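Notes follow the structure.
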Amino acid sequence: MLWTLAKRTAFYALVILIVFISVFPFYYAILTSFKSGTDLFRIDYWPKSFALDNYIAVLTTGSFVRNLGNSLLVSTVVVAISLLLAITASFALARVRFRGRSLLLFTILSVSMFPQIAVLAGLFEIVRFFGIFNTPFALIFAYMIFTLPFTVWVLTTFMRDLPIEIEEAAIVDGASPWVIITKVFMPLMWPALVTTGLLAFIAAWNEFLFALTFTSSNATRTVPVAIALLSGSSQYEIPWGNIMAASVIVTVPLVVLVLIFQRKIISGLTAGGVKG
Amino acid sequence: MAVAETIAAPVEGMRSDLMRQRIRSAWIFLAPMLAVLALVAGWPLVRSIYFSFTDASLANIEAAQWVGFDNYLSMTTLKSGKVLYDGLLVDPIWWRAVWNTVKFTIVSVTLETIFGTIVALVLNAEFKGRGIVRAAILIPWAIPTVVSAKMWSWMLNDQFGIINDILMNLGIISQKIAWTANPDTAMFAVLLVDIWKTTPFMALLILAGLQMVPGDIYEAAKIDGVHPVKVFFKVTLPLIRPALMVAVIFRMLDALRIFDLIYVLTPNNSQTKTMSVYARENLFDFDKFAYGSAAATFLFLILAVITVVYIVVGRVNFDGGR
Chain C
12 MLWTLAKRTA FYALVILIVF ISVFPFYYAI LTSFKSGTDL FRIDYWPKSF ALDNYIAVLT
72 TGSFVRNLGN SLLVSTVVVA ISLLLAITAS FALARVRFRG RSLLLFTILS VSMFPQIAVL
132 AGLFEIVRFF GIFNTPFALI FAYMIFTLPF TVWVLTTFMR DLPIEIEEAA IVDGASPWVI
192 ITKVFMPLMW PALVTTGLLA FIAAWNEFLF ALTFTSSNAT RTVPVAIALL SGSSQYEIPW
252 GNIMAASVIV TVPLVVLVLI FQRKIISGLT AGGVKG
Chain H
17 MAVAETIAAP VEGMRSDLMR QRIRSAWIFL APMLAVLALV AGWPLVRSIY FSFTDASLAN
77 IEAAQWVGFD NYLSMTTLKS GKVLYDGLLV DPIWWRAVWN TVKFTIVSVT LETIFGTIVA
137 LVLNAEFKGR GIVRAAILIP WAIPTVVSAK MWSWMLNDQF GIINDILMNL GIISQKIAWT
197 ANPDTAMFAV LLVDIWKTTP FMALLILAGL QMVPGDIYEA AKIDGVHPVK VFFKVTLPLI
257 RPALMVAVIF RMLDALRIFD LIYVLTPNNS QTKTMSVYAR ENLFDFDKFA YGSAAATFLF
317 LILAVITVVY IVVGRVNFDG GR
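Below is the structure:
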């Protein structure tokens, strides 16, 4: 009896520890973001002040709002193009038997695990060649390297699991592959499209290396680069309050989305096996 | 018999016609995706490798001249007869970066696998509040890497950081530590943040493997009175091995190319500089475009070799048992 009680206590202690470690840094960032002036340098464990100074500073001075817009634009367009290209491609990979299919699937998986630094020089050349350096187009183009293989891979695993009978029925009715995709599969695919799109969106929203390399002015930067380079009036004065406010602004929508779509995200993550 | 053949033949013909049509449309469907991948991945990779054999500079990429293996290793014989070696293969800073990356990868992936398994086992148990735990562990995963680097560098701040405050209060340290700036602790700080951020991902992948294990195995083990720890090592672990192997390779490839966390958390620290950071620094900050390309190519080679060895030795099955 006592042994069972001890085991239960230990188990719940572990549960509380996991939750605490996961949530605390985010909690502390929120707490810091509401402090202003010298309060910032007093260490508190509980919220004591509620000042919006940092949020006002971040949103009214500098180019942070512009950066938010850039991130939103780039991520949305990247996801839309990737899904569009991936739907038809994943149909071919999941439902049609042809020579070289396994090799193709393996290549796609390898590209999604590519070290991005290995293509950076070549991409830089293309970006300069097309004259899109320091524009959102450069990022939209470059981000395809990780969003496209990921969406193709996840949608292929999903489509492979759809029952063969519905497709056979459509073939007997004389439907072409295009009709099968748009009329038969698409209505069944919405949940998978939402999940895959969301995961690709998060990946694009968080990307740093390409954004750092292919943009060079405050107005064209995306949010992660803007936060990384946020600096005070002198290099010794890091504006922690502003950084925390900006961090909270970009993270809250993601956390809300992730919590709403928890179950779907977990299934998408395990299918794709790709870190966001 | 003759009748049957004449009936069968047209049906066969129709079937293969249909197959041929399907295969043709499959390639049409694949074409746009393959074209984009070739342009955004294939061609840039070929060009990057090409640049590593040239003297390209950032300002003048077009005028690149072929120099062979000079960026990797070049020999100059001085008048005195002394031979000088130059290039990536004899660059101590590069080998330092390789070592940092390898060290980071081994430690982070090992600890993430262990912690991930623990979290997955917790989530696989039936208890009140399981939903809350699952939601909570998704938070570190959802936070952008750059943001988590900033959050932690604030918490790890030497003067005003809460970590130093907690450790001082507990009496674990006697004076404040500059975690991210101090050469002795910088790698520790990077590992701490990376493990915090990626353990949830590992846990979810391992959990998916755990949920495939049929429950009656545990029932049987319980009836036979086998100790739970023994059940884990003898039954659960072998069964989730395929899922674990795939999770580990994904994390390993991810860890080997790490850039953003290190660039933001511990800038300009030789103790944590990884291959990716070194390559980018040469490409764009030091105006050694060709040399940086050589470093990037080398990194690509190392990753490719590790992946192939791992897949062959570990007999990884990416199809999920299909």
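Here the protein sequences come in this chain order: C and H.
Using our numbering, you'd call the opening residue of the first sequence number 12 and step up by one each time.
Using our numbering, you'd call the opening residue of the second sequence number 17 and step up by one each time.
Every residue gets a Cβ at the ideal spot worked out from N, C-alpha and C, and that includes glycine.
Note that the coordinates shown come from a computational prediction; the quantities given were computed from them, not determined experimentally.
Exercise for the section: Given a cut-off of 9 Å, decide if Asp276 (chain H) and Ala239 (chain C) are closer than it, judged by their beta-carbon atoms. Expected result: What you label residue 239 (chain C) is simply residue 228 of the first sequence in a count that begins at 1. What you label residue 276 (chain H) is simply residue 260 of the second sequence in a count that begins at 1. Closer than 9 Å, so yes.
Practice task
Let me know if Leu104 (chain C) comes out buried or exposed under the rule of 16 or more other beta-carbons within 10 Å of its beta-carbon.
Solution key: Taking the first sequence and counting its residues from 1, the one referred to as residue 104 (chain C) is at position 93. Label assigned to Leu104 (chain C): buried.
Practice task
Just the C-alpha distance for Lys166 (chain H) and Ile249 (chain C), rounded to the nearest angstrom, thanks.
Solution key: Stepping through the second sequence from its first residue, residue 166 (chain H) is reached at position 150. Stepping through the first sequence from its first residue, residue 249 (chain C) is reached at position 238. Lys166 (chain H) and Ile249 (chain C): Cα-Cα distance of roughly 11 Å.
Problem - 9 Å Cβ cutoff, Tyr279 (chain H) in contact with chain C - result: Position 263 of the second sequence, counting from 1, holds the residue named residue 279 (chain H). Closer than 9 Å to some Cβ of chain C, the Cβ of Tyr279 (chain H) qualifies, so yes.
Problem - Within chain C, the residues that Thr392 (chain H) reaches when beta carbons sit closer than 8 Å - result: With chain H running from 17 to 338 in the structure shown, residue 392 (chain H) is simply not present.
Practice task
Give the residues of chain C in contact with Leu100 (chain H), contact being defined as C-beta atoms less than 7 Å apart.
Solution key: Locating residue 100 (chain H) in the second sequence gives position 84, counting from the first residue. Within chain C, no residue comes near Leu100 (chain H); the closest Cβ sits about 27 Å away, beyond 7 Å.
Exercise for the section: Run through the segment 169-248 of chain C for me and flag every whole alpha helix (DSSP H) of 4 or more residues, listed as ranges in chain order. Expected result: 175-183, 197-217, 220-225 and 234-240
Handout entry: Proximal residues of chain H, C-beta to C-beta of Thr262 (chain C) below 8 Å
Key = Stepping through the first sequence from its first residue, residue 262 (chain C) is reached at position 251. Within 8 Å Cβ-Cβ: Ala158, Ile159, Pro160 and Val163.
Problem - Minimum C-alpha distance to Trp82 (chain H) - residue among H:Phe67, H:Tyr88 and H:Ser73 - result: As a position in the second sequence, residue 82 (chain H) is number 66, starting the count at 1. Per the Cα distances, H:Phe67.
Practice task
Within 10 angstroms of the Cβ of Ser190 (chain H), are there 16 or more other Cβ atoms? Answer buried if so, exposed if not.
Solution key: Numbered from 1 along the second sequence, position 174 holds the residue referred to as residue 190 (chain H). Label assigned to Ser190 (chain H): exposed.
Handout entry: Alpha carbon of Trp43 (chain H) to alpha carbon of Asp86 (chain H), nearest angstrom
Key = In the second sequence, residue 43 (chain H) corresponds to position 27, counting from 1. In the second sequence, residue 86 (chain H) corresponds to position 70, counting from 1. Cα to Cα, Trp43 (chain H) sits roughly 42 Å from Asp86 (chain H).
Exercise for the section: Scan the segment 141-170 of chain C and note each continuous alpha helix (DSSP H) run of 4 residues or more that stays entirely inside, going in chain order. Expected result: none
Practice task
Could you tell me whether the segment 219-237 of chain C touches the segment 172-183 of chain C, where touching means 3 or more Cβ pairs closer than 8 Å?
Solution key: no
Problem - Three-state secondary structure (DSSP) of Tyr56 (chain C) - result: Here residue 56 (chain C) refers to the residue found at position 45 of the first sequence. Three-state result, Tyr56 (chain C): coil.
Practice task
Report, in whole angstroms, the separation of the C-beta atoms of Thr394 (chain H) and Thr282 (chain H), which I expect to be a contact under 8 Å.
Solution key: Residue 394 (chain H) lies beyond the range of chain H shown here (17 to 338); nothing can be said about it.
Practice task
For the alpha helix (DSSP H) containing Leu84 (chain C), list its first residue and its last residue.
Solution key: The sequence position of residue 84 (chain C) within the first sequence is 73, counting from 1. Where Leu84 (chain C) is concerned, the enclosing alpha helix (DSSP H) stretches over Phe75 to Arg106.
Handout entry: Cutoff 7 Å; reference Phe157 (chain C); Cβ partners in own chain excluding five residues on either side
Key = Position 146 of the first sequence, counted from the start, is the residue given in the question as residue 157 (chain C). Same-chain partners within the cutoff: Ser123 and Ala214.
Handout entry: Under 8 Å by beta carbon: chain C residues contacting Pro199 (chain H)
Key = Looking up residue 199 (chain H) in the second sequence gives position 183. Result: empty, since nearest Cβ-Cβ is about 20 Å, beyond 8 Å.
Exercise for the section: Output yes if chain C places a C-beta closer than 9 Å to the C-beta of Arg296 (chain H); else output no. Expected result: Translated into positions along the second sequence, residue 296 (chain H) becomes position 280. Answer yes: the Cβ-Cβ gap between Arg296 (chain H) and chain C drops below 9 Å somewhere.
Handout entry: Any C-beta of chain H under 9 Å from that of Gly287 (chain C)
Key = For the purposes of this step, residue 287 (chain C) is taken as residue 276 along the first sequence, with counting starting at 1. Reliability fails at Gly287 (chain C), whose pLDDT of 34 lies under 50, so the model's placement of it is uncertain and no value is given.
Problem - Beta-carbon neighbours of Asp276 (chain H), restricted to chain C and to distances below 9 Å - result: The count along the second sequence starts at 1 and reaches residue 276 (chain H) at position 260. Annotation: Cβ neighbours of Asp276 (chain H) in chain C (cutoff 9 Å, chain order): Asn217, Glu218, Phe219, Leu220, Leu223, Pro235 and Ala239.
Exercise for the section: Could you check the C-alpha separation between Ser93 (chain C) and Leu116 (chain C) for me, to the nearest Å? Expected result: Translated into the one-based positions of the first sequence, residue 93 (chain C) becomes position 82. Translated into the one-based positions of the first sequence, residue 116 (chain C) becomes position 105. Distance between the alpha carbons of Ser93 (chain C) and Leu116 (chain C): 16 Å.
Handout entry: Beta carbon proximity, Lys166 (chain H) to chain C, threshold 9 Å
Key = Here the question's residue 166 (chain H) lines up with position 150 in the second sequence. For Lys166 (chain H), the answer is yes, since a Cβ of chain C falls inside 9 Å of its Cβ.
Problem - For Leu74 (chain H), three-class secondary structure by DSSP - result: As a position in the second sequence, residue 74 (chain H) is number 58, starting the count at 1. Coil.
Exercise for the section: Buried or exposed for Tyr39 (chain C), please, with buried defined as at least 16 other CB atoms from any protein chain shown within 10 angstroms of its CB. Expected result: Along the first sequence, one-based indexing puts residue 39 (chain C) at 28. So Tyr39 (chain C) ends up on the buried side.
Handout entry: Where Thr20 (chain C) sits in the DSSP three-state scheme
Key = Taking the first residue of the first sequence as position 1, residue 20 (chain C) is located at position 9. If DSSP states are grouped into helix, strand and coil, Thr20 (chain C) belongs with the helices.
Practice task
Would you list, in chain order, the members of the segment 165-186 of chain H that have their beta-carbon closer than 7 Å to a beta-carbon of chain C?
Solution key: Lys166, Met167, Trp168, Trp170, Met171, Phe176, Ile178 and Asp181
Practice task
Kindly list, in the order they appear in chain H, the residues whose Cβ is closer than 8 Å to that of Ser86 (chain C).
Solution key: The residue you call residue 86 (chain C) lines up with position 75 of the first sequence. Neighbours of Ser86 (chain C) on chain H: none; closest Cβ ~11 Å, over 8 Å.
Problem - Check whether Ser286 (chain H) and Arg38 (chain H) have beta carbons under 9 Å apart - result: Reading the second sequence from its first residue, position 270 is the one you call residue 286 (chain H). Reading the second sequence from its first residue, position 22 is the one you call residue 38 (chain H). Not closer than 9 Å, so no.
Practice task
Can you have a look at Ser101 (chain C) and say buried or exposed, based on whether 16 or more other CB atoms are within 10 angstroms of its CB?
Solution key: In the first sequence, residue 101 (chain C) corresponds to position 90, counting from 1. Classification for Ser101 (chain C): buried.
Problem - Distance, Met35 (chain H) Cα to Thr22 (chain H) Cα - result: As a position in the second sequence, residue 22 (chain H) is number 6, starting the count at 1. As a position in the second sequence, residue 35 (chain H) is number 19, starting the count at 1. Caution is warranted here: a pLDDT of 42 is assigned to Thr22 (chain H), below 50, making its placement in the model unreliable, and no coordinate value can be reported.
Problem - Residue-chain proximity (Leu154 (chain H), chain C), Cβ-Cβ < 9 Å - result: Position 138 of the second sequence, counting from 1, holds the residue named residue 154 (chain H). True, the Cβ-Cβ gap to chain C drops below 9 Å.
Problem - the segment 217-232 of chain C in contact with the segment 139-151 of chain C per 3-pair CB rule at 8 Å - result: yes
Exercise for the section: Look at the alpha carbon of Ser44 (chain C) and the alpha carbon of Ala62 (chain C), and state the distance between them as a whole number of angstroms. Expected result: Residue numbering aside, residue 44 (chain C) sits at position 33 when the first sequence is read from its first letter. Residue numbering aside, residue 62 (chain C) sits at position 51 when the first sequence is read from its first letter. For Ser44 (chain C) and Ala62 (chain C), the distance between alpha carbons rounds to 8 Å.
Exercise for the section: Report the rounded CA-to-CA distance for Ile256 (chain H) versus Asp102 (chain H), giving the unit in angstroms. Expected result: Numbered from its first residue, the second sequence carries residue 256 (chain H) at position 240. Numbered from its first residue, the second sequence carries residue 102 (chain H) at position 86. If I take the Cα positions, the gap works out to 48 Å.
Practice task
Please list the partners that Pro258 (chain H) has in chain C, where partner means a Cβ-to-Cβ separation under 7 Å.
Solution key: Here residue 258 (chain H) refers to the residue found at position 242 of the second sequence. Result: empty, since nearest Cβ-Cβ is about 12 Å, beyond 7 Å.
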